[in-house]
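Student: One structure, as structure tokens, below. Some questions next.
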Amino acid sequence: MTNITHTATFALLGRTNVGKSTLLNQLLDRQIAITSHKSHTTRNRILGVLTQDNYQMLFLDTPGLGQKTQNPIQRLMMKTTQDCVMEADAFLFMIDSPQLNEMDKKLLQNLKSHHKPILLLVNKIDTLDADGINQILESSVEDVQAIVPLSARKNMNLDVLIAQLRMCCKESSAKYKEDFSTDQSKEVMMAEIVREQILVFCHKEVPHELKVDIEQYVVEEKVDHIHVLITVKNNGQKKILIGKQGSHLKKIGQNARLKIESVFNKKIMMKIWIKVDPDWMDIGISE
Numbered sequence: 001m002t003n004i005t006h007t008a009t010f011a012l013l014g015r016t017n018v019g020k021s022t023l024l025n026q027l028l029d030r031q032i033a034i035t036s037h038k039s040h041t042t043r044n045r046i047l048g049v050l051t052q053d054n055y056q057m058l059f060l061d062t063p064g065l066g067q068k069t070q071n072p073i074q075r076l077m078m079k080t081t082q083d084c085v086m087e088a089d090a091f092l093f094m095i096d097s098p099q100l101n102e103m104d105k106k107l108l109q110n111l112k113s114h115h116k117p118i119l120l121l122v123n124k125i126d127t128l129d130a131d132g133i134n135q136i137l138e139s140s141v142e143d144v145q146a147i148v149p150l151s152a153r154k155n156m157n158l159d160v161l162i163a164q165l166r167m168c169c170k171e172s173s174a175k176y177k178e179d180f181s182t183d184q185s186k187e188v189m190m191a192e193i194v195r196e197q198i199l200v201f202c203h204k205e206v207p208h209e210l211k212v213d214i215e216q217y218v219v220e221e222k223v224d225h226i227h228v229l230i231t232v233k234n235n236g237q238k239k240i241l242i243g244k245q246g247s248h249l250k251k252i253g254q255n256a257r258l259k260i261e262s263v264f265n266k267k268i269m270m271k272i273w274i275k276v277d278p279d280w281m282d283i284g285i286s287e
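Quick note: the working numbering has the sequence shown finishing at residue 287, numbered continuously throughout.
As structure tokens, then:
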């Protein structure tokens, strides 16, 4: 095992859809967090661990900041983010444009009140021209330790980011073994992959008012078997989820199965059930 001498815990923070989960997956070179172009994709705290040389860096992926707390899921998401802020040694505050907008400024000011190191990550530089990148490099933001332009999707400048992260690490022994990358169980990751595909094929409130659970996971030598339960609030949502002649559910199942097989390098058989429970959001969502 590598002799770990420096560690730190970083909270990945920022508005929804700026690329936090994509960055986490790229840093770890594997998918542990689902991604989509829709808001509120990340619901729970996701721990990712990167061990390199004598450094162990812990990342807490969080739900997007600045969202309205209209229902129990969103309130839980906000509490999750607040808990990560308290747990972290430093903040990775991500934006997706060369300049801070008004919400970014408000969120960043709030983070500064915690008096922890802040790295400002400017994502999606692959969409900028030279002038846009120079604008970032020449900018100055008060009380920010460093500004790092990068592209999570294109894997650009992540070496620069890691160098900055190492500067935030302090002398400490390892918290996890060298080959440990996440505390997400297989069942949770599989359920999240199914939810990721629901986000692709369903719209409006449907993807945000359901939960996905793995009811049964049977490991066999050649093919694993998983039983998926999707809980929705009403029959209208169930009909949308199923689609005309089952078209939506078929695509969701096929795409989720292929992705799960790719992530875990194992053939699977998957069955999906849908349950209507008008009160499930009042009870809570899967941890």
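Glycine included, every Cβ here is placed at the ideal spot set by N, Cα and C.
Distance check for P117 and D89, CA to CA, integer angstroms please.
Tutor: Answer to the nearest angstrom: the Cα atoms are 8 angstroms apart.
Student: Along the chain, where does the beta strand (DSSP E) that runs through A146 open and close?
Tutor: Where A146 is concerned, the enclosing beta strand (DSSP E) stretches over 146-149.
Student: Between L107, V18, L47, H227, which lies nearest to S36 when the distance is taken from Cα to Cα?
Tutor: S36 has its Cα closest to that of V18, out of L107, V18, L47, H227.
Student: What first and last residue would you give for the alpha helix (DSSP H) that runs through K259?
Tutor: First-last of the alpha helix (DSSP H) with K259: 247-264.
Student: With DSSP run on the structure shown, which of helix, strand or coil describes Q99?
Tutor: Note: Q99 maps to coil in three-state DSSP.
Student: If we count the other Cβ atoms within 10 Å of its Cβ and call it buried at 16 or more, is Q26 buried or exposed?
Tutor: Counting Cβ neighbours within 10 Å, Q26 comes out buried, since at least 16 surround it.
Student: Report buried or exposed for S113, applying the criterion of at least 16 other Cβ atoms within 10 angstroms of its Cβ.
Tutor: Answer is exposed; the Cβ neighbour count stays below 16.
Student: Between L289 and L161, is the Cβ-Cβ spacing less than 9 angstroms?
Tutor: The first residue shown for the chain is 1 and the last is 287, placing residue 289 beyond what the model contains.
Student: Please classify M77 as buried or exposed, where buried requires at least 16 other C-beta atoms within 10 Å of its C-beta.
Tutor: With 16 or more Cβ atoms within 10 Å of its Cβ, M77 is classed as buried.
Student: Grab me the residues of E287's own chain with a C-beta within less than 6 angstroms of its C-beta, minus the 5 sequence neighbours each way, in chain order.
Tutor: Residue confidence is low: E287 scores 43 on pLDDT, short of 50, so the model does not pin down where it sits. No coordinate-derived value is stated.
Student: If distances are taken between C-alpha atoms only, which option among E196, I240, K271, L150 comes closest to F93?
Tutor: It is L150.
Student: What residue does the alpha helix (DSSP H) around A163 start on, and which one ends it?
Tutor: 158-168 is the extent of the alpha helix (DSSP H) around A163.
Student: Nearest-angstrom Cα distance between V232 and T80?
Tutor: Distance between the alpha carbons of V232 and T80: 22 angstroms.
Student: With DSSP as the reference, label Q31 as helix, strand or coil.
Tutor: Note: Q31 maps to coil in three-state DSSP.
Student: Just to confirm the assignment: which complete beta strand (DSSP E) runs, minimum length 3, are found wholly within the region 16-90?
Tutor: Qualifying beta strand (DSSP E) stretches, in chain order: 46-52, 55-61.
Student: Using a Cβ-Cβ cutoff of less than 7 angstroms, which residues in the same chain neighbour Q145 once the five nearest sequence positions on both sides are dropped?
Tutor: Excluding residues within five positions, the ones whose Cβ falls inside 7 angstroms are P117, I118, L119.
Student: Would you call the CB atoms of L12 and L50 closer than 9 angstroms?
Tutor: No, these two residues do not count as a Cβ contact at 9 angstroms.
Student: Between M269 and the rest of its own chain, which residues show a CB-CB distance below 6 angstroms, the 5 nearest in sequence each way excluded?
Tutor: The answer, listed in chain order, is V223, H225.
Student: Among K271, T62, H40, whose alpha-carbon lies nearest the alpha-carbon of K204?
Tutor: The candidate whose alpha carbon is nearest that of K204 is H40.
Student: Just mark L258 as buried or exposed, buried being the case when its beta carbon has 16 or more other beta carbons within 10 Å.
Tutor: L258 comes out exposed.
Student: Where do the N-terminal and C-terminal ends of the alpha helix (DSSP H) with V200 fall, by residue?
Tutor: Per DSSP, V200 belongs to the alpha helix (DSSP H) from 186-201.
Student: Please identify the residue among Y176, Q237, Y55 whose C-alpha is closest to the C-alpha of S206.
Tutor: The displayed chain sequence assigns Val, not Ser, to residue 206. Answer by Cα proximity: Q237.
Student: Roughly how many whole angstroms lie between the Cα atoms of L47 and D131?
Tutor: Rounded to whole angstroms, L47 to D131 spans 36 angstroms at the Cα level.
Student: Spatial neighbours of K267 within its chain, please: C-beta separation below 8 angstroms, excluding the five flanking residues on both sides.
Tutor: If we look at K267 and ignore the five residues flanking it on each side, its Cβ neighbours are K222, V223, D224, E261.
Student: Provide the residue span of the alpha helix (DSSP H) that contains K233, from first to last.
Tutor: It is not in any alpha helix (DSSP H) - K233 carries neither H nor E in the DSSP assignment.
Student: Can you pull the DSSP bridge partners for F10?
Tutor: Per DSSP, F59, A90.
Student: What are the start and end residues of the beta strand (DSSP E) that includes I214?
Tutor: That run of the beta strand (DSSP E) goes 211-218.
Student: Applying the criterion that 16 or more other CB atoms from any shown protein chain within 10 Å of the CB defines a buried residue, is W273 buried or exposed?
Tutor: The residue is exposed, with fewer than 16 neighbouring Cβ atoms inside 10 Å.
Student: Is L128 helix, strand or coil by DSSP?
Tutor: Correct three-state label for L128: coil.
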